[in-house]
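Numbered by the numbering used here, the letters in the first sequence go through residues 2 to 508 in order. In this text, a Cβ means the ideal position worked out from N, Cα and C, and glycines have one as well. Since we're looking at a predicted model, the values are computed, not measured.
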Amino acid sequence: MKKIRTRFAPSPTGYLHVGSLRTALYAYLFAKHNDGDFILRIEDTDRSRYVEGSIENLVKILDSMGLEYSEGVFADKDDNIVQKGDFGPYMQSERLNIYKKYIDELIENDHAYYCFCSQDRLDEMRKEQQSQKVAPMYDRKCRGLDKKEIQKLLNEKTSFVVRQKVPKDGFTEFNDLVYGKIKIANKIIDDQVIMKSDGFPTYHLANVVDDHLMEISHIIRGEEWLPSTPKHILLYKAFGWEAPEFAHLPLLLNPDKSKLSKRQGDVAVEDFLYQGYLSEALLNFVLLLGWNPKTEEEIFSFKEMIKRFDLSGVNKAGSIFNTEKLDWINGMYIREMDLSKLTKLCIPYLTETRLIEEIQNSKFKIQNSNKVVDFEYLKKVVALEQERMKKLSEIGGSVKFIFSDKLEYEKDLLVWKKMTVEKAKNNLELTYQKLEDLDEKDFQAEKLQEVLNDLAIKNDIKRGEILWPLRVALTGLKGSPSPFEIGEVLGKEKVLERVKFGIKKMI
RNA sequence: GGCCCCUUCGUCUAGUGGUUAGGACAUCAGGUUUUCAUCCUGAAAACAGGGGUUCAAUUCCCCUAGGGGCUACCA
């Protein structure tokens with residue numbers, strides 16, 4: 002059986018779009034599920050749209066996502082871009098001579114022709130066609146040029162492009178692995194430009210040549226390519242090549258159902274990463290946007306994704322990119338994560354340290370605070386919020402109270418339900434006395450819980466009437482982790498200080 | 001305008017010629033918890049419309065409507 006090979010073929014035009022991430026993921030999963038290869042090819046044939054640094058960025062993100070490719074463009078130790086693999090180079094801009102050869106072959110075999118029409122003529126023609134409400138198409142003026150004329154224009158160094166010679170009649174059809182049979186009349190297919198006047202090939206030509214040369218077995222790409230697939234099929238035919246299989250993926254949509262775009266919110270993978278979404282969670286979320294396992298499972302490990310993915314589970318309708326569920330999935334992954342690992346990931350959001358060189362014996366300065374703590378302490382702080390965090394970026398705000406020198410809150414907050422202020426104050430005083438007698442080393446969640454429960458029982462007070470005022474005194478917040486856990490993180494001195502502060506408020 | 005594609009709860013989706021049309025997120029209610037979160041229980045919530053075919057249609061066919069994509073010397 003033929004080896005399964007898929008590729009991810011982005012253009013280096015800036016950030017990595019979440020839709021592209023999904024495309025890459027599906028292509029990756031399909032290849033790996035079938036024990037095949039997944040390769041990366043950079044489609045940089047449009048020089049005007051090239052954005053500096055985007056290849057580096059892309060490689061970095063793919064790497065952090067775990068979408069490992071076996072051939073393509075990699076970053077070496079020093080972050081230099083290098084190309085590796087049997088069928089390279091993998092940057093189209095470095096393959097110009099290859100395309101040139103194939104374009105010449107097409108001209109030779111009468112499947113393509115020189116076109117000397119000026120941009121102005123083309124623009125005018127298009128305008129005219131649009132005003133008459135006919136489909137804008139090249140009028141094939143240069144299709145009939147004879148050899149002599151062509152040579153003459155060539156000799157005069159007239160600017161030219163090369164166009165694909167599309168059959169005038171008949172139909173081109175193919176079977177898409179997602180959409181099924183697609184059939185289009187050749188007469189409505191334009192004589193597509195395959196080589197631009199700057200000598201660069203267009204997407205259509207470069208794509209076909211590369212996919213053939215790189216032995217791609219399955220082209221997995223976005224639905225926006227569906228209408229131009231017949232052109233590609235025709236190109237394969239013109240070369241006498243067997244076309245690969247096609248699987249087009251439904252688009253990701255804005256809330257208004259248009260194609261997902263930057264205008265209506267974040268679409269760059271790096272933005273989501275920056276906000277504190279975990280790459281596993283993002284992958285899991287995007288996996289489910291347009292694919293389902295035919296069971297009710299929703300959380301998939303990377304290994305499980307590979308095992309379970311198949312193209313038959315891909316649906317046809319576009320899906321709105323709504324991050325509500327992403328938040329849930331992310332929270333899920335955060336809760337399951339090993340505390341040390343989670344803490345490391347939280348460091349950029351919690352401390353002023355951006356680069357984590359050495360965790361052991363390191364000191365971390367807390368953001369917007371003058372506090373400096375070690376990693377073990379950070380772990381305790383993160384543990385406080387692990388089960389209520391949806392995104393890593395929330396950590397700084399949610400544990401701010403731990404590090405502040407003076408809490409700000411209304412005194413009424415100290416009063417629980419129907420309690421009186423007097424009662425709250427008394428209970429807090431009672432608590433103070435009890436905690437004051439406690440040894441520093443007894444400031445440990447379980448012990449505190451035991452001691453405070455005991456206090457409530459002995460004095461015949463509802464637990465809430467002890468614990469609520471205490472918790473508020475320690476946090477100044479309506480909602481927070483329990484006073485036991487917080488007491489442990491804060492330590493005796495701070496706890497007593499804050500309780501005293503609370504009591505004073507009520508005097 | 002032309003061509004192509006799509007249409008099940010608010011969102012992601014399952015599903016079948018006969019189902020109480022299932023799940024998840026979000027929402028709401030209740031329980032657990034001192035609070036928040038977690039966790040548990042429950043509720044509300046969908047087959048775009050119209051014609052066929054059929055004993056029976058959400059499911060098959062046609063039409064309409066709506067949405068989207070493409071229509072570049074961009075990918």
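Alpha-carbon spacing of residue i relative to residue j, whole angstroms
i	j	result
residue 281	residue 66	7 Å
residue 467	residue 393	32 Å
residue 400	residue 483	13 Å
residue 384	residue 286	25 Å
residue 164	residue 116	7 Å
residue 250	residue 258	16 Å
residue 1	residue 295	In the structure as shown, the chain begins at 2 and stops at 508. Residue 1 is therefore absent and cannot be evaluated.
residue 7	residue 38	6 Å
residue 60	residue 419	59 Å
residue 197	residue 204	10 Å
residue 460	residue 442	25 Å
residue 409	residue 332	29 Å
residue 536	residue 212	Nothing in the structure corresponds to residue 536, since the chain is present only between 2 and 508.
residue 15	residue 266	16 Å
residue 222	residue 445	55 Å
residue 260	residue 289	18 Å
residue 32	residue 167	33 Å
Boundaries of the alpha helix (DSSP H) in which residue i is found, first to last residue
i	result
residue 326	325-337
residue 150	148-156
residue 306	303-309
residue 273	270-275
residue 130	120-132
residue 379	376-386
residue 20	19-34
residue 114	It is not in any alpha helix (DSSP H) - residue 114 instead sits in the beta strand (DSSP E) that spans 113-116.
residue 285	280-288
residue 454	446-459
residue 506	493-507
Exposure label - residue i; buried when at least 16 CB within 10 Å
i	result
residue 131	exposed
residue 318	exposed
residue 256	exposed
residue 81	exposed
residue 387	buried
residue 192	buried
residue 120	exposed
residue 93	buried
residue 348	buried
residue 135	exposed
residue 45	buried
residue 432	buried
residue 344	buried
residue 55	buried
Member of the options whose CA lies at the smallest distance from the CA of residue i
i	options	result
residue 351	367, 460 and 474	367
residue 403	199, 379, 390 and 295	379
residue 413	479, 124 and 68	479
residue 137	124, 312, 170 and 474	124
residue 144	194, 180, 96 and 171	194
residue 27	308, 111, 60 and 342	308
residue 190	105, 201, 181 and 173	173
residue 112	170, 17, 182 and 238	238
residue 171	202, 156, 187 and 178	187
residue 262	227, 219, 321 and 212	321
residue 50	11, 254 and 120	11
residue 85	92, 74, 23 and 206	74
residue 210	223, 225, 222 and 244	244
residue 71	17, 122, 89 and 395	89
residue 336	279, 324 and 434	279
residue 106	236, 430 and 314	236
Where the beta strand (DSSP E) through residue i begins and ends
i	result
residue 246	246-250
residue 7	6-9
residue 367	From DSSP, residue 367 is part of no beta strand (DSSP E); its letter is neither H nor E.
residue 194	194-196
residue 479	Careful: residue 479 lies outside any beta strand (DSSP E) and carries neither H nor E.
residue 322	No beta strand (DSSP E) holds residue 322; DSSP gives it neither H nor E.
Residue(s) in a DSSP beta bridge with residue i
i	result
residue 80	None; residue 80 has no bridge partner.
residue 315	292
residue 202	196
residue 75	83
residue 176	182
residue 260	254
residue 164	114 and 194
residue 352	367
heavy atom of the ligand SAM below 7 Å from residue i C-beta
i	result
residue 176	Among the components of this structure there are no ligands whatsoever, and the ligand SAM is therefore not found.
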